[in-house]
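Q:
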Amino acid sequence: MKRPKPEMKGYEKIKSNSGKLQIGPQHYEDVRIEQLRLISELGFGACGNVSKRSLNNRILAVKEMRKTMNEDENRRIYMDLQVITCNDCPFIVQSYGYIITFDHVYICMETMTMCLEKLYKNHIKPQNMSIPEWMLGKITVPVMEALRYLKNEHEIIHRDVKPSNILININGNIKLCDFGISGKLIDSIAGTASLGCAAYLSPERFQPIEYDIRADIWSLGITLIELATLEYPYQFNNHFELMLAITSSPSPKLPDHFSPDFHDFVDSCLQKDVKDRPKYEILGKKNWYQMHKTLDYDVEKWISSVLETEEDDD
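Counting from 1, one number per residue, gives the positions in the sequence shown under the UniProt record's numbering.
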């Protein structure tokens, strides 16, 4: 008799916890998706849409993913469940539990105000504002800590770091989300071909070679330049032009008015040769990172001022 594969045993364990939600001190059993009242649609991730719902007047975000006959797609769903339900990292979106039906998986999570892509495109840029360098530092620290946690605790590389997967709430908390294409590391090397958003892929990910967590560091660097300038740094008309720009053009640079330490940090993230790109341990020792890890800035006040300024202009 064949023994079940470890991943199948893991899936059976996950399936047995379907419908068990823990929202603050309140525990719920046998919750069905029909009990979660739909309020609004929030957006779309790598493999599912996210909606705002309520359960007994508690608001939650629910990520809906359709199960398919495609093994890769179902592996993405399993990875989402595995990461979000087994983490105790304050910089990763908190899970309340999940509901598995015949053809769907629903992950119930804490709500955040918006992603950084929506923040800068819908609120900051239209008001001719910018994201100050100190705020970019306060974004970088939780993202780096979340990525480091995934690597050290779960042997996982995120593979889809970008502004739309970094969330912020009105209290100033910043968290990483969307693990649908995350991959397990084998001896610190990822060998699978799953693609994140191509715009944020590192040069080596366009090659048929193995890569490691430094691919996420490149994506973080591109994300920081985009948030600093409010523009994606590469110009392209199609996927081929984008690939050519990332693999053949010089790495993008920050504008001159940013501090030398910030330039040094981003330039390190965007070393085209992966062998020259630092891992988290080295990058985390950079002056710019250490400064923003320790200095006390009021992120809550800043995000409130951005949203209030917009309301005042209406």
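C-beta atoms are modelled at their ideal positions from N, C-alpha and C, and glycine is treated no differently.
Roughly how many angstroms separate the alpha carbons of Gln22 and Trp134, rounded to a whole number?
A: Rounded to the nearest angstrom, the two C-alpha atoms are 35 angstroms apart.
Q: Out of Ser16, Ser95, Asn49, which one is the CA nearest neighbour of Gly24?
A: With distances taken between Cα atoms, Gly24 lies closest to Ser95.
Q: Measuring alpha carbon to alpha carbon, tell me which residue in Met144, Gln26, Asn173, Asp296 is nearest Lys162.
A: Taking only the C-alpha atoms, the option nearest Lys162 is Met144.
Q: Rounded to whole angstroms, how far is the Cβ of Thr140 from the Cβ of Tyr289, which I believe are closer than 8 angstroms?
A: Indeed they touch by this definition, with Cβ atoms about 7 angstroms apart.
Q: Going by the DSSP bridge assignment, what does Arg37 pair with across the sheet?
A: According to DSSP, which records beta bridges pairwise, Arg37 is partnered with Ser54.
Q: Would you call the segment 147-158 and the segment 93-110 touching, i.e. three or more CB-CB distances under 8 angstroms?
A: Contact fails: fewer than three Cβ-Cβ distances are below 8 angstroms.
Q: Go through its chain and collect everything with a Cβ distance to Glu41's Cβ below 7 angstroms, but skip five positions before and after it.
A: Around Glu41: Asn49, Ser51.
Q: Is it true that the CB of Lys175 sits closer than 9 angstroms to the CB of Ile92?
A: In this structure, Lys175 lies closer than 9 angstroms to Ile92 by Cβ.
Q: So who's on the other strand from Ser95, going by DSSP bridges?
A: According to DSSP, which records beta bridges pairwise, Ser95 is partnered with Met109.
Q: Take Leu220 and list the residues in its own chain whose beta-carbon comes closer than 8 angstroms to its own, dropping the five residues that flank it on each side.
A: Thr140, Val143, Met144, Leu147, Val161, Cys269.
Q: If you measure between the beta carbons of Pro250 and Ile222, is that distance less than 9 angstroms?
A: Not closer than 9 angstroms, so no.
Q: Could you tell me which whole alpha helix (DSSP H) segments of length 4 or greater appear in the segment 218-298?
A: Fully enclosed alpha helix (DSSP H) runs of 4 or longer: 239-248, 260-269, 280-283, 287-294.
Q: Under a Cβ-count criterion, where at least 16 other Cβ atoms within 10 Å of its own Cβ denotes burial, should Phe265 be classed as buried or exposed?
A: Counting Cβ neighbours within 10 Å, Phe265 comes out buried, since at least 16 surround it.
Q: Is Asn70 helix, strand or coil by DSSP?
A: The answer is coil: DSSP assigns Asn70 none of H, G, I, E or B.
Q: Determine the DSSP secondary structure at Lys63, reduced to helix, strand or coil.
A: Three-state DSSP puts Lys63 in a strand.
Q: Does Lys138 pass the burial test, meaning 16 or more other C-beta atoms within 10 Å, or should it be called exposed?
A: Lys138 should be labelled buried.
Q: Can you round the beta-carbon distance between Lys279 and Ile213 to whole angstroms, since I take them to be within the 8 angstroms contact cut?
A: Contact holds; Cβ gap of about 6 angstroms.
Q: Buried or exposed: Asn17, going by 16 or more other Cβ atoms within 10 Å of its Cβ?
A: By the 10 Å Cβ count, Asn17 comes out exposed.
Q: Taking a contact to mean a Cβ-Cβ separation below 9 angstroms, would you say Asp216 touches His158 in this structure?
A: A contact, by the Cβ cut-off of 9 angstroms.
Q: Identify, in the order they occur along the chain, each residue of the same chain with its Cβ nearer than 7 angstroms to the Cβ of Ile303, setting aside the five sequence neighbours on each side.
A: Answer for Ile303: Ile168, Ile170, Gly172, listed in chain order.
Q: Can you tell which of Leu227, Asp261, Leu116, Arg277 has the C-alpha that lies nearest to the C-alpha of Lys286?
A: It is Asp261 whose Cα lies nearest to the Cα of Lys286.
Q: Whole angstroms is fine: what's the gap from Asn57's alpha carbon to Lys275's?
A: Asn57 and Lys275: Cα-Cα distance of roughly 51 angstroms.
Q: DSSP on Gln127, reduced to helix/strand/coil?
A: Of the three classes helix, strand and coil, the one that applies to Gln127 here is helix, per DSSP.
Q: DSSP has Tyr149 in a bridge; who is on the other side?
A: Beta-bridge pairing links Tyr149 to no other residue.
Q: Does the beta-carbon of Arg32 have 16 or more other beta-carbons within 10 angstroms, so that it is buried, or is it exposed?
A: Exposed: under 16 other Cβ atoms inside 10 Å.
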